[in-house]
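Written out below as structure tokens is the structure these notes cover.
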Amino acid sequence: MTTETLTEAATSFSVEEPAVSPAVSSLPDEKPVKNGFIFRQSRESKSTPPFASLLMTIWRVGKVVIITASLACNAYLLNELSLQQIRMTSLEAAFRAGNLSKLSESIATIEGRLTLSRQDAQALADRVTTVEQSRNAVQQQVAENTQSIQRLSTAQAAERQALETLQLQFNALSDWKEQWSKMTADRKAEKSATTSTTEGASAAKETVKKKSLTRGPRIREQDKSLSPPFVVNGVERRGGQMFLVASPADAPTSLSQVRLLSPGDSLSGWTLTAVDGGQAHFTVNGHSQSIPLR
Numbered sequence: 001m002t003t004e005t006l007t008e009a010a011t012s013f014s015v016e017e018p019a020v021s022p023a024v025s026s027l028p029d030e031k032p033v034k035n036g037f038i039f040r041q042s043r044e045s046k047s048t049p050p051f052a053s054l055l056m057t058i059w060r061v062g063k064v065v066i067i068t069a070s071l072a073c074n075a076y077l078l079n080e081l082s083l084q085q086i087r088m089t090s091l092e093a094a095f096r097a098g099n100l101s102k103l104s105e106s107i108a109t110i111e112g113r114l115t116l117s118r119q120d121a122q123a124l125a126d127r128v129t130t131v132e133q134s135r136n137a138v139q140q141q142v143a144e145n146t147q148s149i150q151r152l153s154t155a156q157a158a159e160r161q162a163l164e165t166l167q168l169q170f171n172a173l174s175d176w177k178e179q180w181s182k183m184t185a186d187r188k189a190e191k192s193a194t195t196s197t198t199e200g201a202s203a204a205k206e207t208v209k210k211k212s213l214t215r216g217p218r219i220r221e222q223d224k225s226l227s228p229p230f231v232v233n234g235v236e237r238r239g240g241q242m243f244l245v246a247s248p249a250d251a252p253t254s255l256s257q258v259r260l261l262s263p264g265d266s267l268s269g270w271t272l273t274a275v276d277g278g279q280a281h282f283t284v285n286g287h288s289q290s291i292p293l294r
């Protein structure tokens with residue numbers, strides 16, 4: 001606030017002397033007091049004493065000083081208030097700037113965390129893909145192992161069947177060897193008996209030769225054509241079914257050449273039709289032929 005404003009305010013607060021009322025003027029010696037400082041005199045004495053004038057001046061100056069001090073205080077307070085407002089504005093701006101900075105930092109932190117979360121999610125997805133690939137590989141390996149096991153089982157079953165067949169052939173060959181040994185011994189005994197026959201036996205043999213002159217060639221030709229090209233070694237039973245054990249005539253003792261024949265099987269053109277009554281029945285070239293079992 002300026003000095004001119006203060007001067008105008010002091011002038012406006014100047015004190016005028018109040019008028020002396022008639023009732024009071026009738027009392028020459030009465031000195032009423034108003035406002036605690038102004039003394040009224042009688043009508044006869046209209047001049048102001050020096051002390052009262054001094055008090056009036058002091059009063060007026062005091063009021064001006066008080067008003068001036070009050071205005072100065074108000075101006076100071078207004079200035080301080082303005083400064084406080086400026087400070088508050090500055091603080092608010094700084095607070096906002098600080099909050100914005102913190103907000104930016106928070107946003108940056110959140111973005112960093114989101115980036116890490118995306119990276120973690122991608123890493124997890126890669127791990128899931130790797131696990132799925134491993135699972136598919138394991139499933140494929142299991143399928144291959146299952147197929148291998150099935151092939152091994154099939155091969156094992158075939159080997160077991162072949163082993164059983166070989167066992168049957170071995171048993172048949174063993175039986176045939178026993179029968180062959182027995183037959184060889186019988187033939188040797190028969191040969192010994194034949195060499196010790198008498199002349200009567202020779203004459204009987206000549207008689208037989210004569211009888212065979214008429215039909216002998218045809219019978220010998222028939223016997224020669226129906227002679228089997230294999231040796232019957234015996235019979236083997238398996239699972240309630242009868243098998244005829246036979247081997248080639250040129251290799252009767254070869255285990256690998258032994259054959260198990262069932263009705264309907266053929267060997268060297270001879271087809272087995274039945275095995276009963278100690279004989280094996282074949283058909284060859286449309287003719288039936290029976291071979292005794294040893």
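Each residue of the sequence shown is one higher than the one before, counting from 1 in the UniProt record's numbering. A virtual CB, placed ideally from N, CA and C, is assigned to each residue, including glycine. Model, not experiment: these values are computed from the prediction.
Exercise. How many angstroms separate the CA atom of LYS211 from the CA atom of LEU255?
Worked result: Translated into positions along the sequence shown, residue 211 becomes position 211. Translated into positions along the sequence shown, residue 255 becomes position 255. Since pLDDT at LYS211 reaches only 49, below the 50 mark, its modelled position is unreliable, and no value is offered.
For this session: Note down, one range per segment and in chain order, each beta strand (DSSP E) of at least 3 residues found wholly within the region 229 to 256.
Result: 230 to 238, 241 to 248
Problem set entry | Separation of SER262 from ALA251, as counted between CA atoms | Translated into positions along the sequence shown, residue 251 becomes position 251. Translated into positions along the sequence shown, residue 262 becomes position 262. If you take the alpha carbons of ALA251 and SER262, they lie about 21 Å apart.
For this session: Can you tell me which of the three DSSP states GLU263 falls into?
Result: Looking up residue 263 in the sequence shown gives position 263. One detail in the question is off: residue 263 reads as Pro in this sequence, not Glu. If DSSP states are grouped into helix, strand and coil, PRO263 belongs with coil.
Problem set entry | Length of the line joining the Cα atoms of PHE230 and ARG160 | Sequence index remark: in the sequence shown, residue 230 carries index 230 (1-based). Sequence index remark: in the sequence shown, residue 160 carries index 160 (1-based). Roughly 28 Å separates the two Cα atoms.
Exercise. Between the region 237 to 244 and the region 258 to 272, are three or more C-beta pairs nearer than 8 Å?
Worked result: yes
Problem set entry | Exposure label - LEU173; buried when at least 16 CB within 10 Å | Translated into the one-based positions of the sequence shown, residue 173 becomes position 173. Burial call: buried.
For this session: Measure the beta-carbon distance from VAL258 to GLN169 and round it to whole angstroms, keeping in mind my assumption that it falls under 8 Å.
Result: Translated into the one-based positions of the sequence shown, residue 258 becomes position 258. Translated into the one-based positions of the sequence shown, residue 169 becomes position 169. Sure, about 4 Å apart at Cβ, within 8 Å.
For this session: Look up SER227 in the DSSP assignment and say whether it is helix, strand or coil.
Result: Within the sequence shown, the letter at position 227 stands for residue 227. Reduced to three states, the DSSP call for SER227 is coil.
Exercise. Is SER174 helix, strand or coil when you go by DSSP?
Worked result: Residue mapping note: residue 174 aligns to position 174 of the sequence shown, counting from 1. Helix.
Exercise. Counting along the chain, where does the beta strand (DSSP E) carrying LEU272 start and finish?
Worked result: Locating residue 272 in the sequence shown gives position 272, where the first residue counts as 1. 270 to 276 is the span of the beta strand (DSSP E), which, as asked, contains LEU272.
For this session: Rank GLY62, VAL235, LEU103, GLN147 by C-alpha distance to the C-alpha of GLY277 and give the top, closest one.
Result: Residue 277 sits at position 277 when you count from the first residue of the sequence shown. Among GLY62, VAL235, LEU103, GLN147, the Cα nearest to that of GLY277 is on VAL235.
For this session: Check VAL284 in the structure and name its three-state DSSP category.
Result: Looking up residue 284 in the sequence shown gives position 284. Here VAL284 sits in strand by DSSP.
Exercise. Are residue 355 and LEU293 close, meaning C-beta to C-beta below 9 Å?
Worked result: A query on residue 355 cannot be resolved here, the shown segment of the chain reaching from 1 to 294 and no further.
Exercise. From ASP120 to THR129, what does the alpha carbon distance come to, in whole angstroms?
Worked result: For this step, residue 120 is matched to residue 120 along the sequence shown. For this step, residue 129 is matched to residue 129 along the sequence shown. Approximately 14 Å between the Cα atoms of the pair.
Problem set entry | Backbone CA spacing between ASN285 and GLY239 [nearest angstrom] | Within the sequence shown, residue 285 is the residue found at index 285, counting from 1. Within the sequence shown, residue 239 is the residue found at index 239, counting from 1. Distance between the alpha carbons of ASN285 and GLY239 is about 32 Å.
For this session: Report whether the distance from the Cβ of ARG151 to the nearest heavy atom of the ligand ADP is below 8 Å.
Result: The ligand ADP is not among the ligands present in this structure, which contains no ligands whatsoever.
Exercise. Helix, strand or coil: how does DSSP classify LEU293 here?
Worked result: Residue mapping note: residue 293 aligns to position 293 of the sequence shown, counting from 1. DSSP places LEU293 in coil when its eight states are reduced to three.
For this session: Spell out the partners DSSP gives GLN279 in its beta bridges.
Result: Here residue 279 refers to the residue found at position 279 when the sequence shown is read from its first residue. Its beta-bridge partners are ASP276, PRO292.
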